[in-house]
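Before any comments, here is the structure.
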Amino acid sequence: MHLYLHVPFCQRRCSYCDFSIAVRKRIPVREYVDVVLQEAGQVGQAGFETIYFGGGTPSLLPPAGIATLLEKLRPRTTHDVRRTVAEVTLEANPEDVTPENAKGWRAAGVNRVSLGAQSFDDVVLKWMHRSHGAARIGAAVHALRGAGIENISLDLIFALPDELGRDWERDLDMALALRPTHLSLYGLTVEPRTPLDRWISRGATQAPADERYAEEYLTAHGRLTAGGFSFYEVSNAARDGYRSRHNSAYWSGKPYVGLGPAAHSFDGRTRRWNLRAWEAYRRAIAEGRSAIESEETLTDEQRELEAIYLGLRTTEGIPFSALRRLPASFGAWVFEESGTLKCTPEGWLRLDSLVNDLAMQTGIQQ
Ligand code: SF4
């Protein structure tokens with residue numbers, strides 16, 4: 005079993021973000037911890053192989069709040085979360101990573117931090133409405149290492165509007181120079197009702213062309229591969245032994261439990277998701293009701309298609325035999341290796357359209 009905890013609080017909204025967040029100056033730590041533990045009681049507990057604090061901004065939770073959650077959510081039969089949970093990840097914004105917080109997180113059982121670096125250019129960070137400056141990223145990595153957290157992932161965003169003049173190669177080099185164990189790369193997408201969407205509608209900025217997306221993705225692929233990383237999923241690259249076990253569980257179709265507003269759970273066949281808004285979620289749990297907003301049960305065909313989609317996202321690929329007939333559009337974007345079909349980096353850029361073609365060919369409703 006794998007556990008995801010959604011921590012919805014942020015101090016401001018980033019210009020591109022449409023996540024389910026609650027912007028708060030003061031974080032209701034006690035209330036959040038109580039309500040999540042109450043939800044955990046409703047859904048029942050299991051022994052968790054990985055725990056992932058995602059958000060929102062989980063690093064706004066003080067170490068004591070994280071310690072309480074980990075203490076209470078550990079498997080019932082054991083006593084030390086550090087011995088029983090293989091990977092405990094905390095998403096953190098660089099400005100929250102002080103030496104004290106890092107030590108507190110480590111003592112609570114966090115052994116992996118995913119740091120929202122995004123860029124090493126202050127102009128770009130300001131445009132994104134991030135609350136950290138570039139200098140904070142290196143300081144955060146230093147503080148984490150000082151506290152004994154060596155497994156550090158950096159998030160970077162690429163394909164930004166031209167007028168920012170962002171130097172993507174410089175950002176990649178700056179990230180590599182910090183010697184992270186893992187990197188996650190996200191292409192900027194324009195989501196409805198975000199500040200970015202409004203800027204584009206009034207002509208203040210332009211969405212970058214698809215060519216920039218492809219070019220920067222392939223540049224990153226080449227540079228990180230040369231730097232000792234291997235892309236094990238379309239957006240994720242790791243040094244040997246540092247793949248994210250939690251995210252790998254999603255991509256291999258394993259069951260997981262999600263707690264907190266907007267969190268998703270999956271039991272292998274049915275996917276359920278919680279109320280998105282913090283207040284609605286909090287009220288439901290406080291009144292003893294379920295926080296589940298809705299659910300969908302996958303048909304056998306949908307599960308088959310999803311397994312193909314997830315497999316092609318990763319370097320695991322899919323058994324060649326999983327496809328009755330290879331759609332013509334797959335052409336040069338896939339290759340076969342010992343009976344397994346895998347995407348090339350160029351194929352990863354077209355993954356959604358490849359899987360759409362496959363769904364159309366097989367007549368499966370996605
Ligand atoms: S910190 Fe993360 S979750 Fe919060 S607004 Fe920014 S991108 Fe969204």
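Residues 5 to 370 (the numbering used here) are what the sequence shown spells out, left to right.
Even glycine gets a Cβ: it sits at the ideal position worked out from N, Cα and C.
For E350, the uninterrupted alpha helix (DSSP H) segment begins and ends at P349 to L353. The alpha-carbon separation between S333 and M5 amounts to approximately 37 angstroms.
Not one heavy atom of the ligand SF4 is found less than 7 angstroms from the C-beta of T93. One thing to note: Q122 has its Cβ no nearer than 8 angstroms to the Cβ of P165. When H225, H136 and M178 are compared, the shortest CA-CA separation from V101 is found for H136. Counting every other CB atom within 10 Å of its CB across the protein chains shown gives S252 a total of 16 or more, marking it as buried. The C-alpha of Y254 is placed about 26 angstroms away from the C-alpha of I289.
Shown here, A241 sits in a strand according to DSSP, grouped into three states. Between V40 and L73, the C-beta gap is smaller than 8 angstroms, which places the two residues in contact. Beyond the five residues adjoining it in sequence on each side, L222 comes within less than 7 angstroms, by CB distance, of P349 in the same chain, given in chain order. Residue burial annotation: E237 is buried, with at least 16 other C-beta atoms found within 10 angstroms of its C-beta. Per DSSP, the unbroken beta strand (DSSP E) holding W277 starts and ends at T274 to N278.
Each of G272, A241 and A336 was checked against the Cα of P184, and the nearest Cα belongs to A241.
Within its own chain, the residues whose Cβ lies closer than 7 angstroms to the Cβ of Y246, once the five positions on either side in sequence are excluded, are N155, T185 and H186, listed in chain order.
Across the set R17, G108, A336 and R307, the C-alpha of R17 shows the shortest separation from the C-alpha of K29. Between D125 and F324, the alpha-carbon positions lie close to 44 angstroms from each other. Contact check for L302 and R328: beta-carbon distance about 19 angstroms, past the 8 angstroms limit, so the pair fails to qualify. In this structure, the beta-carbon distance from Y190 to I153 does not fall below 8 angstroms. F233 and G292 have their alpha carbons spaced roughly 47 angstroms apart. Between the C-alpha atoms of Y285 and E297 there is a straight-line separation of about 9 angstroms. Taking a contact to require three or more Cβ pairs closer than 8 angstroms, the stretch 255-266 and the stretch 44-54 qualify as touching. Taking the Cβ of N240 as the reference point, every heavy atom of the ligand SF4 lies at 7 angstroms or farther away. Taken in chain order, the unbroken stretches of alpha helix (DSSP H) that lie wholly in the stretch 119-174 and span 4 residues or more are 126-131 and 139-150. T198 and F23 have their C-alpha atoms roughly 10 angstroms apart. By the neighbour-count definition (other C-beta atoms within 10 Å, threshold 16), P67 is a buried residue. For R116, the beta-bridge partners assigned by DSSP are T93 and N155.
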